[in-house]
Amino acid sequence: MDIYKSSEIWFVTGAQLLYGDDIVQKVNAQSQTIVDGLNQSQALPLRIIYKGTVNTAEEITDIFNQANIDKKCVGVITWMHTFSPAKMWVHGLKSFYKPLLHLHTQYDREIPWASIDMNYMNLNQSAHGDREFGFIVSRLRKNRKIVAGYWNDLQTQSKIGLWMRVCVGWADQQSLRLIRFGDNMNNVAVTDGDKVEAERRLGYHVDYFSIGDLVDTMQTISEQEIKDLVALYEEQYVFEDNVKVNGKDRLQVIEAAREELAIRKFLAEKKANAFTTSFDALHGMNQLPGLAAQRLMADGYGFGAEGDWKTAALVRLFKVMTAGLSGGSSFIEDYVLHFKEDGAILQAHMLEICPSISRNKPRMEVHPLSIGGKADPARLVFTAHEGKGLTATIVDMGNRFRMIVSKVDCLSPEEDLPKLPVARAFWKPEPDLETGTSAWILAGGTHHSAFSFDLTLEQIIDYAEIADMELVIIDENTDLYKIKESLKLNEVYYALRGF
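Here is the structure:
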């Protein structure tokens, strides 16, 4: 994904001039060694740029101001090698608005018992300096990520790497343009919300275009482009007999390719990386563009059905944060409950589930769709692979946005589904169906969500911290009474805070 190639993290070391220039030079040299070592780690998806040792308030403020305006910088790592008086950091931190990671480490792994003296202790004061810095960040009420551990350990590097992915996701959302073809489905509440507040708080911009604008673009697609794309379909998917050459539904695959090419062209022209569709807005189109949504998600685009722009933005966020990983992420929807043992839920949608989560080679099929009033649409049919995952949603609570995330265990369906020709997943919410779904409903969770096999709960927490967003977690430790109490407390907190 291109944004990873153009993004970087800055590293800033805190010190002071109290101990003399020699100490500062050693601090600077050791910091450079740490940055060089981190940049050699396979766990870090971004390059770290060492911006030097800061010793005065002016230097600190200047660095943070530069970070704010540099488009390549998506976050800053700070480390207090020695004691850095925290009043120096006030003005720089006050104006800084990008993600911040406080690395609590030291140059040497262990205490040199036989040789340690006062000079060594004065040089290696992270245990001291990081607490001073930590206080001022807390005093300023600044959200940040804290990673404590030896810098050259894989566990420490992995935590930094996961945070970097969140930084890239956050940066992408700040410039994301999302196209809505048609409006939200009539009278549906949970998928709508305040688009102005979303742009203010979460960064992305939502635009409306009529389906007629897309239909006009469809007229510009050449027959050769369509022919080439259908040939690519035949390489990538298993074709059922009715959609092969001379099959009775072959034309529906051709029309689906036309729709996909038009959507790709439209999004490219508008510099957009997420979109929504609606079966209520298909005038001039042959079919619901489900295949297009599936394939564009596989390429990293965000998508939401029935005009669900918040989920489309969240799917894009998941796609960016998991770029290059193998588990897959997708738009998805709750459908049918399975009350057996701990319970499970059949997840699907009419058509639009991303093939990145498939356990096998998807099948290209055409079947009737009892909604939308259009011709039978082409779609990719498959079952999601097994594994642990996370599903999340964002809802508008009026005075704030709330993110709800649930741990799920994706299972193999107990039997085949021969009469359900759509992509699907089958999962058990943690800790069980009754508790997990009750907690989701109590929190106001949507029927749509963004799902990922690759994201960690820690990354979701990091994102909510950066976005300064309310977060409700549903996992193996969820207790409904505690969920109810935490939701009540959150109401008081956000009312007093004045969101």
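Going by the numbering used here, the letters in the sequence shown line up with residues 19 to 517, in that order. Just so it is clear, CB atoms sit at the ideal spot from N, CA and C, and this is done for glycine as well. The model shown is predicted, which means the values in this text are computed figures rather than measured ones.
Straight-line gap, residue i to residue j (C-alpha atoms, nearest Å)
i	j	result
residue 489	residue 478	9 Å
residue 444	residue 333	19 Å
residue 30	residue 199	44 Å
residue 353	residue 61	37 Å
residue 449	residue 190	33 Å
residue 254	residue 381	9 Å
residue 286	residue 452	43 Å
residue 52	residue 169	7 Å
residue 94	residue 403	37 Å
residue 495	residue 458	14 Å
residue 24	residue 90	6 Å
residue 151	residue 162	12 Å
residue 419	residue 325	18 Å
residue 234	residue 216	30 Å
residue 511	residue 504	10 Å
residue 323	residue 296	6 Å
residue 193	residue 429	36 Å
residue 482	residue 393	42 Å
residue 74	residue 214	39 Å
residue 370	residue 384	14 Å
residue 317	residue 126	43 Å
residue 76	residue 45	19 Å
residue 437	residue 386	12 Å
residue 351	residue 365	6 Å
Nonlocal neighbours in the same chain, by C-beta distance under 6 Å from residue i, ignoring five residues either side
i	result
residue 346	374, 375, 471
residue 341	19
residue 78	72, 106, 107, 110
residue 164	120
residue 225	197
residue 493	425, 448
residue 465	351, 352
Supposed close pair residue i, residue j - CB separation, criterion 8 Å
i	j	result
residue 360	residue 446	6 Å
residue 305	residue 395	4 Å
residue 349	residue 372	7 Å
residue 498	residue 397	That pair is no contact at about 37 Å.
residue 278	residue 247	7 Å
residue 283	residue 195	Not really, about 15 Å apart at Cβ, beyond 8 Å.
residue 281	residue 314	7 Å
residue 175	residue 59	4 Å
residue 422	residue 328	Wrong, their Cβ atoms sit about 12 Å apart, outside the cutoff.
residue 407	residue 469	6 Å
residue 70	residue 123	Contact doesn't hold; Cβ gap of about 18 Å is too wide.
Host alpha helix (DSSP H) of residue i (start-end)
i	result
residue 281	268-288
residue 214	213-220
residue 76	75-87
residue 381	Taken as a continuous stretch (DSSP letters only), residue 381 belongs to no alpha helix (DSSP H), being part of the beta strand (DSSP E) at 381-384.
residue 410	Taken as a continuous stretch (DSSP letters only), residue 410 belongs to no alpha helix (DSSP H), being part of the beta strand (DSSP E) at 405-414.
residue 67	First-last for residue 67: 65-72, but that is the beta strand (DSSP E), not the alpha helix (DSSP H).
residue 105	Residue 105 -> no alpha helix (DSSP H), and no H or E assigned at all.
residue 334	327-339
residue 146	144-157
residue 225	Residue 225 -> not in any alpha helix (DSSP H); beta strand (DSSP E) instead, spanning 223-227.
Extent of the continuous beta strand (DSSP E) run through residue i
i	result
residue 122	118-122
residue 490	488-492
residue 369	No beta strand (DSSP E) contains residue 369, which DSSP labels as neither H nor E.
residue 98	91-98
residue 469	466-470
residue 349	347-356
residue 294	292-294
residue 442	442-447
residue 424	419-429
residue 195	195-199
residue 32	26-32
C-beta neighbour in chain B for residue i, strict 8 Å
i	result
residue 468	Protein chains in the displayed structure number just one, and chain B is not present.
Cβ neighbours of residue i in the same chain (closer than 7 Å, five flanking residues each side left out)
i	result
residue 484	117, 161, 184, 188
residue 273	304, 305
residue 343	472
residue 405	345, 428, 471
residue 22	63, 64, 186, 341
residue 390	297, 300, 306
Neighbourhood of residue i by C-beta distance below 8 Å, restricted to the same chain and skipping five residues each side
i	result
residue 460	498, 501, 502, 505
* Asked: If you pair each beta-carbon of the segment 180-192 with each one of the segment 121-135, do three or more pairs fall below 8 Å?
  -> no
* Asked: Would you call the segment 237-256 and the segment 335-343 touching, i.e. three or more CB-CB distances under 8 Å?
  -> no
* Would you check if there are 3 or more beta carbon pairs closer than 8 Å linking the segment 145-153 to the segment 96-115? => The segment 145-153 vs the segment 96-115: in contact.
* Counting pairs of beta carbons, one from the segment 30-43 and one from the segment 100-119, are three or more of them closer than 8 Å? -> yes
* Is there contact here, the segment 288-302 with the segment 255-271, by at least three beta-carbon pairs under 8 Å? -> No, the segment 288-302 is not in contact with the segment 255-271.
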